[in-house]
Amino acid sequence: MTTPLRLGVAGLGTVGAGVARLVETRREALARRAGRPVEIVAVSARTRHRDRGVDLSAYDWEDDPVALARRDDVDVFLELMGGEDGPAKAGVEAAIEAGTHVVTANKAMLAHHGAAMAEAAEAAGVALKFEAAVAGGIPIVKALGEGLAANGIVRVMGVMNGTCNYILSEMEARGADFPEMLEEAQRLGYAEADPVFDVGGIDAAHKLALLAALAYGTRVDFAGVAIEGIEAVTATDIAQARDLGFRIRLLGVAKMTEAGLEQRMTPCLVPAASAIGLLSGVTNAVVVEGDFVGQTVFEGPGAGAGPTASAVMADVLDIARSGATPVFGRPASALAEAPRAADGAPAAFYLRLALRDEPGVLAKVAAALGEEGVSIRQMRQYDHRGETAPAIFVTHPAPRAAVDGALGRLGAMPELLAPPVAFRVEAV
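Heads up: the sequence shown runs through residues 219 to 646, numbered per this note's numbering.
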């Protein structure tokens with residue numbers, strides 16, 4: 219009889235319970251595709267006696283995930299707990315030390331410790347796979363590491379946080395402001411009670427850092443990602459963007475330039491008819507541009523029990539068929555420290571200014587922009603409210619440093635009644 223591939227599952231939340239359900243439901247199909255039976259032998263979680271909607275009584279229980287990782291009857295340790303450090307990191311390190319393969323859905327841990335973990339895993343001859351850590355059910359890690367491996371990657375970009383995309387697309391559909399839609403997202407379970415990792419762009423930036431490492435053969439550099447959340451986006455911005463032919467999305471972009479690796483996760487205006495612009499709800503999308511293949515688009519559910527469990531088990535099947543392969547598509551020892559691009563490539567910017575309604579103000583704005591070398595392509599003034607004359611500007615392409623310099627000048631103007639807001643216009 220063929221020896222089964224034995225799994226230890228650490229973490230029995232939405233994803234862990236989904237994995238247990240998938241293994242039970244798809245047992246025969248998994249065995250056919252793995253070439254051997256796939257079974258769970260032991261599990262671990264913070265709370266033992268809790269209804270998770272799936273029968274776990276057949277599995278051994280370990281209170282400590284590190285003890286689970288060290289069991290000699292576990293071939294693959296599934297780290298589904300989450301958290302940058304703590305039990306998740308300790309469990310993965312223990313598994314690697316024990317010579318046990320690892321599958322994780324933990325983007326925060328890998329964004330901070332991925333390079334060191336990759337080196338340790340490859341030195342131990344074990345796999346460290348993380349398809350489920352980026353964009354849920356979308357097989358983007360495998361696509362970059364294998365399907366597009368012959369290409370030089372020109373650019374990777376995408377919407378990688380369903381909470382933010384839900385909020386922004388619903389703001390557009392309803393004409394609502396950010397606080398109202400954030401509250402609804404929390405009520406529906408799309409956003410946590412403390413939503414800062416989602417709406418602040420941090421969650422999505424973790425994912426972008428991993429994709430950039432895969433795309434460009436560099437060490438993971440989360441600290442090099444420029445991050446800006448969606449909290450400043452208003453219903454006015456959404457409406458003005460639509461009138462200009464754009465939609466606003468929290469967009470991650472990674473691109474290798476002559477100046478170094480550019481990584482940013484920021485709200486951007488994108489063409490309304492583009493694949494990114496048409497994206498709505500909690501769906502994720504990643505666009506990869508290769509020098510030979512051109513533009514490819516990957517779209518699907520970015521979270522949830524089923525999609526994420528699907529990605530976890532895809533990694534398990536890969537291990538069953540091929541064992542250990544380089545974590546980031548090439549040997550960890552060959553991963554370079556990418557120089558950080560000090561400034562992104564020049565781009566058009568959308569600017570929103572709340573100006574005092576008096577003669578000469580627009581001339582002062584034009585002068586402040588011109589002194590930093592930023593020229594105006596479009597300008598709109600709308601909805602005079604008492605003494606306030608809100609104005610929208612779209613610039614010609616300019617370096618971000620020049621735009622920041624102009625924003626500094628504008629912010630010092632006494633005629634400006636609120637801090638200026640600037641969003642990049644991204645060609646997709």
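Ideal Cβ positions, reconstructed from N, Cα and C, are used throughout, including at glycine.
Own chain partners of residue i with C-beta closer than 7 angstroms, once the 5 adjacent residues on each side are dropped
i: Ala619; result: Asp561
i: Leu296; result: Leu225, Gly226, Val227, Ala228, Val237, Val321, Val530
i: Thr526; result: Val233, Gly236, Ala323, Ala350, Gly354, Gly355
i: Val592; result: Thr613, Ala616, Ala620, Val621, Ala624
i: Tyr384; result: Ala403, Tyr408, Gly499, Val500
i: Pro637; result: Gly629
i: Phe516; result: Ile356, Ile358, Ala361, Ala503, Val504
i: Met219; result: Low per-residue confidence applies at Met219: pLDDT is 47, beneath 50, and the placement is therefore not dependable enough to give any value.
i: Glu302; result: Ala326, Met327, His330
Residue interval of the alpha helix (DSSP H) (run including residue i)
i: Gly629; result: 618–629
i: Val284; result: 283–287
i: Phe415; result: 414–417
i: Pro305; result: 304–315
i: Ile537; result: 523–540
i: Ala260; result: No alpha helix (DSSP H) holds Ala260; the beta strand (DSSP E) holding it covers 256–262.
i: Arg250; result: 245–252
i: Arg392; result: 380–392
Span of the beta strand (DSSP E), counted from its first residue to its last, around residue i
i: Ile371; result: 371–377
i: Val592; result: No beta strand (DSSP E) holds Val592; DSSP gives it neither H nor E.
i: Ala609; result: 606–613
i: Arg642; result: 639–643
i: Val320; result: 319–322
i: Leu296; result: 294–297
Residue from the options whose Cα sits closest to the Cα of residue i
i: Ala630; options: Lys582, Glu644, Phe641, Ile610; result: Lys582
i: Arg642; options: Gly300, Met483, Lys347, Val515; result: Met483
i: Glu590; options: Phe611, Ala333, Asp622; result: Asp622
i: Ala316; options: Gly300, Glu337, Val294, Glu302; result: Val294
i: Leu298; options: Phe348, Met474, Pro485; result: Phe348
i: Ala521; options: His330, Pro357, Arg266, Glu257; result: Pro357
i: Phe440; options: Leu426, Leu432, Glu446, Arg266; result: Leu426
i: Pro632; options: Leu573, Val359, Thr220; result: Leu573
i: Val241; options: Leu274, Thr220, Ala263; result: Leu274
i: Asp575; options: Ser551, Pro564, Thr454, Tyr600; result: Tyr600
i: Pro489; options: Gly518, Gln458, Met474, Pro577; result: Gln458
i: Val451; options: Ala367, Met399, Ala312; result: Met399
Three-state class that DSSP yields for residue i in the structure shown
i: Tyr568; result: strand
i: Ala503; result: strand
i: His331; result: helix
i: Met483; result: strand
i: Leu406; result: coil
i: Ser492; result: coil
i: Leu635; result: coil
i: Gly234; result: helix
i: Thr221; result: coil
i: Arg239; result: helix
i: Thr475; result: strand
i: Pro519; result: strand
i: Glu349; result: helix
i: Ile448; result: coil
i: Arg558; result: strand
i: Phe546; result: coil
i: Ile466; result: strand
i: Gly229; result: coil
i: Gly266; result: In the sequence on display, residue 266 carries Arg and not Gly. Three-state result, Arg266: coil.
Same chain only: Cβ atoms within 6 angstroms of residue i, ignoring 5 sequence neighbours per side
i: Leu587; result: Ala624
i: Ser498; result: Ser387
i: Ala409; result: Thr381, Ala403, Asp416
i: Phe611; result: Leu569, Ile594, Met597
i: Ala333; result: Arg437, Val438
i: Arg627; result: Ala586
i: Asn369; result: Gly508, Asp509, Phe510, Val511
i: Thr514; result: Val506
i: Ala532; result: Glu349
Nonlocal neighbours in the same chain, by C-beta distance under 8 angstroms from residue i, ignoring five residues either side
i: Ala235; result: Arg270, Gly271, Val272, Ala523
i: Ile314; result: Val320, Met335, Ala338, Ala339, Ala342, Val344, Leu346
i: Ala260; result: Gly226, Val227, Tyr277, Asp278, Trp279, Glu280, Leu286, Arg289, Asp291, Val292
i: Ala554; result: Gly435, Thr436, Arg437
i: Leu223; result: Ala252, Arg254, Pro255, Val256, Glu257, Asp293, Val294, Val534, Ile537, Ala538
i: Ser492; result: Val646
i: Ala566; result: Arg595, Val612, Thr613, His614, Pro615, Ala616, Arg642, Val643
Exercise for the section: Inspect the CB distances between the segment 248–260 and the segment 525–539 and report whether three or more fall short of 8 angstroms. Expected result: yes
Practice task
Spell out a yes or no on whether the segment 374–383 and the segment 504–513 are touching, meaning 3 or more CB-CB pairs, one atom from each, closer than 8 angstroms.
Solution key: yes
Handout entry: the segment 470–482 contacting the segment 545–560, beta-carbon criterion three pairs below 8 angstroms
Key = yes
Handout entry: Segment contact, 8 angstroms Cβ cut-off, at least three pairs: the segment 323–343 with the segment 420–433
Key = yes
Practice task
Could you tell me whether the segment 239–249 touches the segment 302–317, using the rule of 3 or more Cβ pairs below 8 angstroms?
Solution key: no
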